[in-house]
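The sequence shown runs 662 to 1002 under our numbering.
To keep things clear, I will list the structure first and then write my remarks on it.
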Amino acid sequence: MWPKICWVILTFTLSLAFASAQTPTPSGKLVDLGGHRLHVNCVGKGAPVVVVETGLGDFSFDWILVQNRLAKLTRTCTYDRAGYAWSDPGPLPRTYAQLNLELHDALNKLGERGPFILVGHSFGGGVVRNYATTYPSEVAGMVLADIVQEDQRIPMEPGKAARVRDFAQGRPIPPPHENMLASDKPNLTAAADPPPTAAPTIEAPYDKLPAEQQRWHLWAESLPALEAAESSQREWSAESMALMHATPQQGILGAIPLLVLTRKEGGYGNDLNVPAAEMEAERLHTQSQLTLLSSNGRQVIIDSGHNMNLEVPNIVAAAISDVVVLCRQSPQLRVSRGSRP
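This is how it looks when you write it as structure tokens:
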């Protein structure tokens, strides 16, 4: 009979082996940012480089259907924000400025040179808008894919629609920092939930992903670091949205090519505190207002749901490609294209 300590060691070893077997191999590169690593996946060749900022709960590989199409035209990078998928938990709080600093430094360390075309989906829209005002010389164009505008109400909880900025407390946004501090390390103790009675299944529209990426999605959304990261992102996005509302936004992006992709129907029901017709009119108005961020802004209505990158990836890729072509016609960009990846 084995001593008890042997059983403990064997059990621990098997647990580590099981966990390792469940973690997919990163599709891209892990970039060390000073105590934490960010996962970035860049494919294709050409300039300008397209960089995608995903929505809440989405991961780098959720854009594979668009990325693979774009890679035939130009270099395209997707990444996982800190605490997502292969990326380690990052410094707190998870403000737009913090996310921007990490992405900026990761791209620089990888040798990915701008100016970039930034693509922001949903929550990612506010993030790329902030990036463009923080690093204006590094942005050649922008695509906003069904993002949330600061004056737009969205369903926030059962029966209630509200603006994200309504939850702001007027707190100053702390300066971002790269190196992890002791106070940044999240408590990732797993809750003692009962084991699932059945294997998790992928939900629509993520079932449109290839089988391997569906498995990755189920794995990534089960990681304990994800909720901690998203909770901080939600909390601090309200402060940034309030600042956007308080600051004139018309023309803030200059004259860069800007494409606003808006889904055709909002899909609101009559179960909210705001009538569905009023919600829809407000949504369409605020989406059209986004085109005014640049003097070269344009809106395209897409017959799709919110996750248009999964539902109509061909249309989304074609729209981004249009911005790539426009940017390539810029004399400033054309001069440096030969040195791009």
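Just so you know, even glycine gets a beta-carbon here, dropped at the ideal spot from N, CA and C.
Every value quoted in this text rests on a predicted model; they were computed, and no experiment measured them.
Where do the ends of the beta strand (DSSP E) carrying residue i lie?
i           : result
residue 787 : Looking at the DSSP string, residue 787 is not in any beta strand (DSSP E); the run it does join, the alpha helix (DSSP H), is 785-795.
residue 714 : 711-714
residue 780 : 777-782
residue 702 : 698-704
residue 954 : Unbroken run through residue 954: none, as it is neither H nor E.
residue 960 : 958-963
residue 691 : 690-693
residue 823 : 821-824
Enumerate in chain order the residues of its own chain whose CB-to-CB distance from residue i is below 6 Å, with the five nearest sequence positions on each side excluded.
i            : result
residue 947  : 810, 812 and 813
residue 702  : 688, 689, 721 and 739
residue 668  : For residue 668, the predicted model reports a pLDDT of 41, less than 50, meaning its position is unreliable; a value from the coordinates is still stated below. If we look at residue 668 and ignore the five residues flanking it on each side, it has no Cβ neighbours.
residue 894  : 755
residue 824  : 814
residue 877  : 685 and 722
residue 1008 : Residue 1008 falls outside the range modelled here, since the chain spans only 662 to 1002, and no answer is possible.
residue 891  : 717
residue 884  : none
residue 845  : 752 and 753
Starting from the C-beta of residue i, find all residues in its chain whose C-beta is less than 7 Å away, skip the five residues before and the five after it, and write them out in chain order.
i           : result
residue 746 : 700, 720, 721 and 881
residue 697 : 743, 749, 750, 751 and 841
residue 827 : none
residue 980 : 804, 920, 922 and 961
residue 707 : 734, 735, 736 and 1001
residue 659 : As displayed, the chain neither begins before 662 nor continues past 1002, which places residue 659 out of reach and without an answer.
residue 872 : none
Using C-beta distances below 8 Å, list every residue in its chain close to residue i, excluding the 5 sequence neighbours before and after it, in chain order.
i            : result
residue 832  : 900
residue 672  : Unreliable placement is indicated for residue 672, whose pLDDT of 40 sits below 50; the coordinate value is still reported in the next sentence. The answer is none, since no qualifying residue turns up.
residue 733  : 705
residue 863  : 870, 875, 878 and 879
residue 975  : 730
residue 1006 : The displayed coordinates of the chain run from 662 to 1002. Any statement about residue 1006 would go beyond what the structure contains.
residue 839  : 694, 695, 752, 762, 763 and 766
Beta carbon of residue i, beta carbon of residue j: below 8 Å?
i           : j           : result
residue 771 : residue 690 : yes
residue 861 : residue 754 : no
residue 803 : residue 914 : yes
residue 837 : residue 758 : yes
residue 709 : residue 776 : yes
residue 931 : residue 724 : no
residue 978 : residue 805 : no
residue 737 : residue 705 : yes
residue 761 : residue 735 : no
residue 619 : residue 866 : Here the chain has residues from 662 to 1002 only, and residue 619 is not among them.
residue 778 : residue 988 : yes
residue 767 : residue 692 : yes
residue 929 : residue 937 : yes
residue 889 : residue 847 : yes
residue 793 : residue 991 : no
Span of the alpha helix (DSSP H) holding residue i?
i           : result
residue 762 : 757-771
residue 940 : 937-950
residue 990 : From DSSP, residue 990 is part of no alpha helix (DSSP H); its letter is neither H nor E.
residue 818 : Careful: residue 818 lies outside any alpha helix (DSSP H), inside the beta strand (DSSP E) at 814-818.
residue 805 : Residue 805 -> not in any alpha helix (DSSP H); beta strand (DSSP E) instead, spanning 800-806.
residue 971 : 969-972
residue 683 : 665-683
Shorter than 7 Å, the distance from the beta carbon of residue i to the closest heavy atom of the ligand FAD, or not?
i           : result
residue 771 : Among the components modelled here there is no ligand, and therefore nothing to report on the ligand FAD.
- With a cut-off of 8 Å, do at least 3 Cβ pairs link the stretch 978-987 to the stretch 935-946? Touching, no, given that fewer than three Cβ pairs across the two stretches are closer than 8 Å.
- Using 8 Å as the Cβ pair cut-off and three pairs as the minimum, do the stretch 775-786 and the stretch 708-724 touch? Flag = yes, the stretch 775-786 and the stretch 708-724 touch.
- Query: Are the stretch 924-934 and the stretch 962-972 touching, with three or more C-beta to C-beta distances below 8 Å?
  - Reply: Contact between the stretch 924-934 and the stretch 962-972 is established, with three or more Cβ pairs separated by less than 8 Å.
- Would you check if the stretch 905-914 and the stretch 948-960 touch, i.e. whether three or more CB-CB distances between them fall below 8 Å? Yes: at least three Cβ pairs fall under 8 Å.
- Message: Which runs of the beta strand (DSSP E) at least 3 residues long sit entirely within the stretch 853-926? Give them in chain order.
- Response: Complete beta strand (DSSP E) runs here, min 3: 919-924.
- Along the chain, which unbroken stretches of the alpha helix (DSSP H) at least 4 residues long are found entirely within the stretch 711-754? Taking only runs of at least 4 residues, the alpha helix (DSSP H) segments lying wholly in the stretch 711-754 are 725-731.
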